[in-house]
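S.K.: Residue numbers (our numbering), protein chains in the order written: chain A, -10 to 433; chain B, -10 to 433; chain C, 4 to 497; chain D, 4 to 497.
We put the CB at the ideal spot given by N, CA and C, even for glycine.
Values in this document were obtained by computation on a predicted structure and should not be read as measured data.
The structure under discussion is supplied below as structure tokens; questions concerning it will follow.
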Amino acid sequence: MRYLPHTDADIREMLARVGQPDLGALFESIPAQFRLTRALDVPAAASEYEILAEFEALAAQNEHAGARAWFLGAGVHHHFVPSAVDALISRAEFYTSYTPYQPEISQGTLQAIFEWQTMLCGLTGQEVSNASLYDGASATAEAVLMALRVSKRRKVAVSSALHPHYRGVLETYLAALDFELITLRRGSDGRTLPSAIDRETACVLVQQPNFLGCIEDLRALAHAAHAQGALLVTAVAEAISLALLAAPGDCGADIVCGEAQSFGVPMAFGGPHLGFLTARMAHVRQVPGRLVGETLDADGQRGYVLTLSTREQHIRRERATSNICTNQGLCLMMATIFLALHGKTGMRQLAERNLAKAEYAKARLRAAGLTLPFAAPSFNEFVVQLREPADRALARARAQGIVAGLDLAKFVPELGDALLVCVTETASRASIDRLATVLAGAGA
Amino acid sequence: MRYLPHTDADIREMLARVGQPDLGALFESIPAQFRLTRALDVPAAASEYEILAEFEALAAQNEHAGARAWFLGAGVHHHFVPSAVDALISRAEFYTSYTPYQPEISQGTLQAIFEWQTMLCGLTGQEVSNASLYDGASATAEAVLMALRVSKRRKVAVSSALHPHYRGVLETYLAALDFELITLRRGSDGRTLPSAIDRETACVLVQQPNFLGCIEDLRALAHAAHAQGALLVTAVAEAISLALLAAPGDCGADIVCGEAQSFGVPMAFGGPHLGFLTARMAHVRQVPGRLVGETLDADGQRGYVLTLSTREQHIRRERATSNICTNQGLCLMMATIFLALHGKTGMRQLAERNLAKAEYAKARLRAAGLTLPFAAPSFNEFVVQLREPADRALARARAQGIVAGLDLAKFVPELGDALLVCVTETASRASIDRLATVLAGAGA
Amino acid sequence: MTGNATRGFSYEEDLLFERSRPGRCGVELPRNDVPEVDPRALLGALSRDELPGLPELSEVEVVRHFTRLSTWNAAVDLGLYPLGSCTMKYNPKINEKVARLPGFAHAHPFSPASETQGLLALFFELERCLAEISGMDRVTLQPAAGAQGELAGIMMIRAYHAQRGDKRTKVLVPDSAHGTNPASAALNGYEIVSVASGSDGILHPKAVAEAMSDDVAGLMITNPNTLGIFETHLAEICDVVHAKGGLVYGDGANLNALVGVARPGDLGIDVMHFNLHKTFSTPHGGGGPGAGPVGVKASLAAYLPTPVVERAADGTYQWNDALPHSIGRLHGNHGNVGMLVRAHAYIRALGPDGLKRATQLAVLNANYLLARIRGAYHVPYANPVLHECVVTDRMLAGTGVSTLDVAKRLIDHGYHPPTVYFPLIVNGALMIEPTESESKEGLDRFADALLAIAEEAHTDPETVRSAPHHTRRRRLDETRAARKPVLRWQPGGA
Amino acid sequence: MTGNATRGFSYEEDLLFERSRPGRCGVELPRNDVPEVDPRALLGALSRDELPGLPELSEVEVVRHFTRLSTWNAAVDLGLYPLGSCTMKYNPKINEKVARLPGFAHAHPFSPASETQGLLALFFELERCLAEISGMDRVTLQPAAGAQGELAGIMMIRAYHAQRGDKRTKVLVPDSAHGTNPASAALNGYEIVSVASGSDGILHPKAVAEAMSDDVAGLMITNPNTLGIFETHLAEICDVVHAKGGLVYGDGANLNALVGVARPGDLGIDVMHFNLHKTFSTPHGGGGPGAGPVGVKASLAAYLPTPVVERAADGTYQWNDALPHSIGRLHGNHGNVGMLVRAHAYIRALGPDGLKRATQLAVLNANYLLARIRGAYHVPYANPVLHECVVTDRMLAGTGVSTLDVAKRLIDHGYHPPTVYFPLIVNGALMIEPTESESKEGLDRFADALLAIAEEAHTDPETVRSAPHHTRRRRLDETRAARKPVLRWQPGGA
Ligand SMILES: Cc1ncc(COP(=O)(O)O)c(C=O)c1O
Ligand SMILES: Cc1ncc(COP(=O)(O)O)c(C=O)c1O
């Protein structure tokens, strides 16, 4: 087999050295009755050539953003990724290495994580960033668990405009624990109302921009939360917005968490993506996940190491701040490279371009006679109300090579026939015009 | 501009240091009347996103072997390339380095070339291999020029079954020099007749397998050439055949040259490919192109360097064995990795598979009532005679997604309605069956 | 240095922020074809002006920065990376290629099933293969890594008991277990009861029986365990747990010792996770991403996370969201899909015989290496090992050389060190997992290095204690890093 | 070592053949779906049995082998690579990506024009851009590198004269010319007449006039020349040559000093080559491939190699094979197409302003660097330089340190050395071309290294003379290699 270097001669010599007659004998510690006596029922071995043909056939059956006009986001966003990102993460030293437990031989990964932590603190307005969590949803659950540890209270006030899958994962994570979830209603403008927060509230959890694309007034929410001694946890599902919107930390968010897939990570049917979490230095010992810190070597030279590991499962075991071990390292590397390439100027331009494209789309849809139900400002995503069942509009658009957005019927039924439309820098004016035409279609 | 690191501040400081007021002043050594006063008329700068879209559109207009049943070869062959090849040549240390002039900082490239030289000597049955030439055609011209230098004679006897483009390039290279080209006729079995070789003949040039796919009897040709004191130069256009056919050097070829594209180099519309040349040690000082040799460093450790450079243009100038400088280094790297991956076993299996597929195709075409005009054995390519103009058959096949081969009308008109068909390991039995059906079509 | 490494140099490279210069940028956007929008005007105080923390660099500088950083790492593609329990086997290149096919890389989780049949088919088939390999009945691909798989598994155990109105509060975890086991159970609100391994390094039914009660939801066990030893009494232990109404969770991190040879499901395991980034060759990416699918027996199928993939009568694939007893959703989307694609390509490449062969050779390599270094390093347990072996620094006592020093000295020989000081039940453990990817000659070179270091510990302990000597940075001060944490760069330090 | 490099180590790696073990293989073929054929039976003595020289290795070993080898190279992506005349500028990653699009990478040269319109359109547009940039009328993309371009150009000059029944036998080549110039002319059967550059490093009309006669087919000239100096009298020189019926060949290796600023065609050049792997950023691949398109004035268009791309009235593109006076074909197919695709992407990325900007900054960098090291290194010519500068070791006379030693010592500082001992008219030349890709800080670091070495040559010459000290291999014995050449590995040495 092409991946296995052993020759029959090697195997003979090695067996002789370990004093075993054959390979089977190596497994005698397994009780005979449990040893498998048949071959596994999996497909026969395939050559590279066959694997490639088979996977190309499977891949060809999936619609993808490379071959369609794409307006579907909802927490997974289509952005252009400079080719240097994939070229660099394809360096074997990055993708075939393990978690940097041995710093002297892992400085490349460690310095990059330190750079990520720095950039993310700047973007979110915080003082500490961890080295990634699984995804935006579990990062949000971890953020809430952290807030519960910090505040020692038992109620969690969750915005009704939180991504439904984030809400779902949060409920899964909390199910076993005895905490209470309270839902904060949405105002008519699409933003979360700071109601029902009391002295028992551990934290207020809002998404920015929220699931409906509306930009929340974080300062007001922070004020309401802090007034009751609760923390404000802000989840971000479209990280590009961080380059344009007031930094959550600066608005009073105590913990910022979410999904950084938009920083150069492919949509890939939903993963691997990049969960993140940033917080105040005061709470650093409650932060879940790995942290990289600066230090000196035996010669007094600057270097980087994993640090504060007493928070982690491999040291603290059942008292750890989280059970996470393997995280999303290579996605963090993609995002770090993406941010380094764009830098201050590029990230700002990118965010402004997303805003401009979305505003143009909103204008076109309004002009086409469709309703945008929410008055609150948006970034690159918004809700549009249709004059027909959303699935019918989506099917008509698909027939024209347009993936027009997310049908909200399942997630926010009270909005009726509504679509969540995401417009990024990848949408051309022409494709936006076609979108407006096709969605207006029925009524026109 | 994203590729240029200079800030305006940098430029100001640097200009101050060199004592110039502005960038324009750096060009005052250019007489004013010759300085361009207008912008170049080339398209406006494009972002990566625009470049990718534009090039994808251009690429989409070309038929390619990834999306068709492919039976077109004629010196450029469709073979499967293991993914490790591209992964490894994508190491920046390989593809963004220059010719290894400074051995202490280029050992990676140098050792790989030494490995290539060793493997190619083994495959061709020779003692010296250079570090690549541009392509099979120019390698053949260089081989003939070398033979002329070695033999000090003035006639070159060229097989009529040499690839017409190799013949064309040879004529171009020899045009200015006063040498005589004589053509060796083809026997009815498709092989070259060793006629018209005399005491003035510097070398006999044959292709193995020849352009019509026939396997030449090199021993007989070597015998005929050597009997007149002429050299035998053997050109190889399908390098995979070297793993199955008697090594040209072992059959008496004094120089072996040709094209190694089949060793893992993409067809890429004809280039970059991989010209090679191997010879006897006795003639090493007449070899064109770079050579890598083993040596020791100051500590007595083994290492590799470019050697025998007194043959080359940068030392010998007008008396050099060739004018080549930049060669096809990265293609050599692809081929070296390809051969290392396949090794003895893989290369043999690959060659046998090509033979088996081609033999199956021949049987199917015969069964379909078509004529294979030549009796001589073939490797993976052969001529088939049709019952209709070849272009019509090709068009019909294309309509069914089959690229059926090369129309020989332009190259070997005397064969009438004939196709040169190449069948490699990439052709499935089903696609071969479809080929037979579509080519028989007209008559059936 | 032995033959594996020799003299060289490293390129230096400052932090991005130190290389930054105002006005540089490494990207350009396409020409804007819609009206510009002034964020301030539109958003007022909701918008920001400054982007602190972001650098300014050209493309060439960014490329050089990360290329240089990469050269400071060890990697599987550069050589043996024998981290015990981490299974750093070769990551096939074809897997990287297929995972990047546009139909996988640019697909969207909210595209309807009808438009993503290729992906659903892959999920369905991968689930089937994992179930067959493990002897489980159903599999979920959602967990993003092993630890999240543990969480999911324990949640299903909890749901199973809850369903029976059975309130259990404890989970048994052997003292040799990986830290994620107790952490995952605790995250589920369970109290952890540690069970001591026997003097032979394995768990004994008696110890489990003593700890087992109707208050215990289940046992988490790793097999082969973290010493690389097969839990010989596992079947009996499972009976003990089951008899008291508990369930057994199998930590699948070491499944690579069993694939094709034995199946956890046949041994009595009720639920287990797979680390696709270990057993199934997906690259570890310098920390992740991985993937931690979970397999369950039919008894737990009702509690699987949603949605699950199902094949309809007409052969098409659909998502099923409606499992009334499901623990719910664990991932924002469908899990680390890119890793699932790679793992499936790996299974396709090896087939039944190759998968078994890989297991046999991984075990042969561990045993051969142990045979080579036995005598120079103390072997704490006599039991035969499977895919990895644990040795200690006891024989170096008196030299002042510890396990950590041996690990660091290995770096000078061009090797990434093994896992150290784990499992916790072994003092000064060196946990070595060569995997099947290493050739005999490679193992011999590595064994020679280990023997040379043991020798050197006696002849020249100071050199070992102060290792590494040949890396860009010498031994790094982890205590200092933790004492006053500097977790980000700030202008002018501080 | 200055700040650019520091302590490190290298991985060792034997030759493939030394790592080979009988029975290993790094590939598998698909299942065979046609009858097996026994080559012996079918081909008899025409077939072979043995494959000497091929190794036997698994995929993981091959990947590790070449990954380790790669770490022994310097590279543009790792830092400054200031080889004079070679223009080692940054190779954009997007170029690598577009060149690999299946419609380019898997297209076949014999596919009819109707099925390859995208490629022909790219050829047509690239030819147009190169003509515009150079001030030439027509361009052929066929030559595989600069030297083959020279060959093609001289052939066209010969055809031009032949057409006039004008038998000329000589070509003038300045003594500062690159070796390929005389070699290419000689390969065309011309006798080379060397013309001496003036004391100011440039060519003077008088010198050319003296050498010029009706027997001279033409002059080959590089502008700016290999000293980086613009040939101020070029126009006048062209007149001199033209007056005697000769033509002027322009070596375009240094075109990167002129793009957007001046055009060889406007200066009187009749025919020239482009090195796309220099001026137009295609990667040099450790030796190649490159691409050497040739541009000609209308007067030479009739002699272009065939086939040429043309646009038909209906806007479609075709191949034209029927140029009766063509010198014929130079390449087996259409040239190094993959490089053409990359170069076109580069031109698209920069546009008119970017191309000019790149030229200006390349020239600024060379001048800035020269200003930084002037004083420590002797500057042989006073004339202002453009994209590269030449200095010498004269000021080190007496220290025993030569240009070669300086070059080797730079390696210890983490830099690839500049071109050395070229051009031949300068004793102990160090020819330095930073390109526009290097930042000011980067140039300062490099200048500091050069200054430190000049200093060290006086304080500690032995250390410089014995450099490099930090590489995997110390200085290699090139004389030994040439004296008894070992050009391939053989079992048991010999
Ligand atoms: C024995 C064991 N269990 C669990 C885990 C956790 O798996 P993951 O890192 O995929 O979360 C690991 C990984 O190191 C392990 O070795
Ligand atoms: C001045 C000059 N002319 C010609 C050449 C030859 O070009 P190529 O290497 O592309 O054949 C070079 C390349 O080194 C050069 O520097």
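1. Taking the alpha carbon of D/C132 as the point to measure from, which residue in D/A352, D/S88, D/P38 has its own alpha carbon closest?
2. Less than 9 Å separating the beta-carbons of C/L258 and C/P267?
3. Taking DSSP's pairing of strands, which residues face D/M223 in a bridge?
4. Please state if the CB of C/D169 and the CB of C/D242 are separated by a distance shorter than 9 Å.
5. Which class does B/K144 belong to by DSSP, given the choice of helix, strand or coil?
6. Please check the pair B/C240 and B/L266, which I expect to be a contact at CB under 8 Å, by giving their CB distance rounded to whole angstroms.
7. Can you grab the Cα-Cα spacing for the pair A/A170 / A/S148, in whole Å?
8. Since D/V244 and D/L250 should fall inside the 8 Å C-beta cutoff, what is the C-beta to C-beta distance between them, to a whole number of angstroms?
9. Between which two residues does the beta strand (DSSP E) harbouring B/L170 extend?
10. Residue ranges of each beta strand (DSSP E) run of no fewer than 3 residues wholly in the region 300 to 361 of chain C, ordered along the chain?
11. The region 44 to 77 of chain B: which residues have C-beta closer than 8 Å to a C-beta of chain A, in chain order?
12. Is DSSP giving D/P177 helix, strand or coil here?
13. Note down, in chain order, every chain D residue with its Cβ under 8 Å from the Cβ of A/E39.
14. So B/L122 and B/N316 are in contact, right, with Cβ under 8 Å, and what is the actual spacing, rounded?
15. Considering only DSSP beta bridges, list what B/T223 is partnered with.
16. Can you tell me the Cα-Cα spacing of B/F103 and B/E283, whole angstroms?
17. Report the option in C/E153, C/G29, C/L413 whose CA atom is closest to the CA atom of B/T(-4).
18. Assign C/H109 to one of three DSSP states: helix, strand, or coil.
19. Measuring only from the beta carbon, is D/Q151 closer than 8 Å to any heavy atom that is part of ligand 2?
20. Please state whether the Cβ-Cβ distance between B/Q96 and D/N368 is less than 9 Å.
21. Taking the alpha helix (DSSP H) that B/A(-2) falls in, what are its first and last residues?
22. State the Cα-Cα distance for the pair D/F277 and C/G6, rounded to the nearest angstrom.
23. With DSSP run on the structure shown, which of helix, strand or coil describes A/F265?
24. Does any residue of chain A bring its CB to less than 9 Å from the CB of D/G26?
25. Would you kindly report the start and end of the unbroken alpha helix (DSSP H) that includes C/Y163?
26. Which chain B residues are close to C/S61, counting only those with a beta carbon under 9 Å from its beta carbon?
27. Please give me, in chain order, every unbroken run of the alpha helix (DSSP H) with length at least 4 that falls completely inside the region 396 to 456 of chain C.
28. Output needed for B/L408: all residues of its chain with C-beta closer than 6 Å, excluding positions within five of it in sequence on either side, in chain order.
29. Among D/T422, D/Y418, D/G417, which residue has its Cα nearest to the Cα of D/T406?
30. Tell me which residues share the same chain as B/L210 and place their Cβ nearer than 7 Å to its Cβ, disregarding the 5 neighbours each side in the sequence.
31. With respect to 8 Å, is the separation between the Cβ of C/D254 and the closest non-hydrogen atom of ligand 3 below this value?
M.R.: The answer reads as follows:
1. One-based indexing of the fourth sequence puts residue 132 of chain D at position 129. The option with the nearest alpha carbon to D/C132 is D/A352.
2. In the third sequence, residue 258 of chain C corresponds to position 255, counting from 1. In the third sequence, residue 267 of chain C corresponds to position 264, counting from 1. Less than 9 Å divides the Cβ of C/L258 from the Cβ of C/P267.
3. Position 220 of the fourth sequence, counted from the start, is the residue given in the question as residue 223 of chain D. D/M223 is bridged to D/Y252.
4. Sequence index remark: in the third sequence, residue 242 of chain C carries index 239 (1-based). Sequence index remark: in the third sequence, residue 169 of chain C carries index 166 (1-based). No, Cβ-Cβ distance for C/D242 and C/D169 is not below 9 Å.
5. Counting from one through the second sequence, the residue named residue 144 of chain B turns up at place 155. Strand at B/K144.
6. By 1-based counting over the second sequence, the position of residue 240 of chain B is 251. By 1-based counting over the second sequence, the position of residue 266 of chain B is 277. Their Cβ separation, rounded to whole angstroms, is 17 Å, which puts B/C240 and B/L266 out of contact at 8 Å.
7. Working through the first sequence from its first residue, we reach residue 170 of chain A at position 181. Working through the first sequence from its first residue, we reach residue 148 of chain A at position 159. Here the sequence assigns Leu to residue 170 of chain A, which means Ala is not the residue at that position. Between A/L170 and A/S148, the C-alpha separation is close to 10 Å.
8. As a working mapping, residue 244 of chain D is identified with position 241 in the fourth sequence. As a working mapping, residue 250 of chain D is identified with position 247 in the fourth sequence. At roughly 7 Å, the Cβ-Cβ gap stays under 8 Å, so D/V244 and D/L250 are in contact.
9. What you label residue 170 of chain B is simply residue 181 of the second sequence in a count that begins at 1. Residues 169 to 173.
10. 311 to 314, 320 to 323
11. F69, P71, S72, A76
12. Against the fourth sequence, residue 177 of chain D aligns to sequence position 174. If DSSP states are grouped into helix, strand and coil, D/P177 belongs with the strands.
13. In the first sequence, counting from the first residue as 1, residue 39 of chain A sits at position 50. Within 8 Å Cβ-Cβ: P33, R34.
14. Reading the second sequence from its first residue, position 133 is the one you call residue 122 of chain B. Reading the second sequence from its first residue, position 327 is the one you call residue 316 of chain B. Correct: roughly 6 Å between the Cβ atoms.
15. Position 234 of the second sequence holds residue 223 of chain B. Paired residue(s): B/V195, B/V245.
16. Position 114 of the second sequence holds residue 103 of chain B. Position 294 of the second sequence holds residue 283 of chain B. B/F103 and B/E283: Cα-Cα distance of roughly 8 Å.
17. The residue labelled residue -4 of chain B in the question sits at position 7 within the second sequence. The shortest Cα separation from B/T(-4) among C/E153, C/G29, C/L413 belongs to C/G29.
18. Position 106 of the third sequence, counted from the start, is the residue given in the question as residue 109 of chain C. In the structure shown, C/H109 falls within a coil segment according to DSSP collapsed to helix, strand and coil.
19. On the fourth sequence, position 148 is the one that residue 151 of chain D refers to. Yes, the beta carbon of D/Q151 sits closer than 8 Å to at least one heavy atom of ligand 2.
20. Working through the second sequence from its first residue, we reach residue 96 of chain B at position 107. Working through the fourth sequence from its first residue, we reach residue 368 of chain D at position 365. In this structure, B/Q96 sits away from D/N368, with a CB-CB distance that is not shorter than 9 Å.
21. Numbered from its first residue, the second sequence carries residue -2 of chain B at position 9. Start and end: -3 to 7.
22. As a working mapping, residue 277 of chain D is identified with position 274 in the fourth sequence. As a working mapping, residue 6 of chain C is identified with position 3 in the third sequence. Straight-line Cα distance between these residues: approximately 46 Å.
23. Counted from its first residue, the first sequence places residue 265 of chain A at position 276. If DSSP states are grouped into helix, strand and coil, A/F265 belongs with the strands.
24. Residue mapping note: residue 26 of chain D aligns to position 23 of the fourth sequence, counting from 1. Using a Cβ-Cβ cut-off of 9 Å, D/G26 counts as an interface residue toward chain A, since at least one Cβ of chain A sits closer than that to its own.
25. Looking up residue 163 of chain C in the third sequence gives position 160. C/Y163 -> alpha helix (DSSP H) spans 149 to 166.
26. Walking along the third sequence from the start, residue 61 of chain C turns up at place 58. Here the neighbours are M(-10), R(-9), Y(-8), L(-7), P(-6), H(-5).
27. 406 to 415
28. Here the question's residue 408 of chain B lines up with position 419 in the second sequence. Excluding residues within five positions, the ones whose Cβ falls inside 6 Å are V373, A379, G394.
29. As a position in the fourth sequence, residue 406 of chain D is number 403, starting the count at 1. Checking every option, the nearest Cα to that of D/T406 belongs to D/T422.
30. Within the second sequence, the letter at position 221 stands for residue 210 of chain B. Closer than 7 Å at Cβ, skipping near neighbours: T181, P183, V193, V195, L221.
31. Because ligand 3 does not appear in the structure shown, any question about it cannot be addressed here, the ligands present being ligand 1 and ligand 2.
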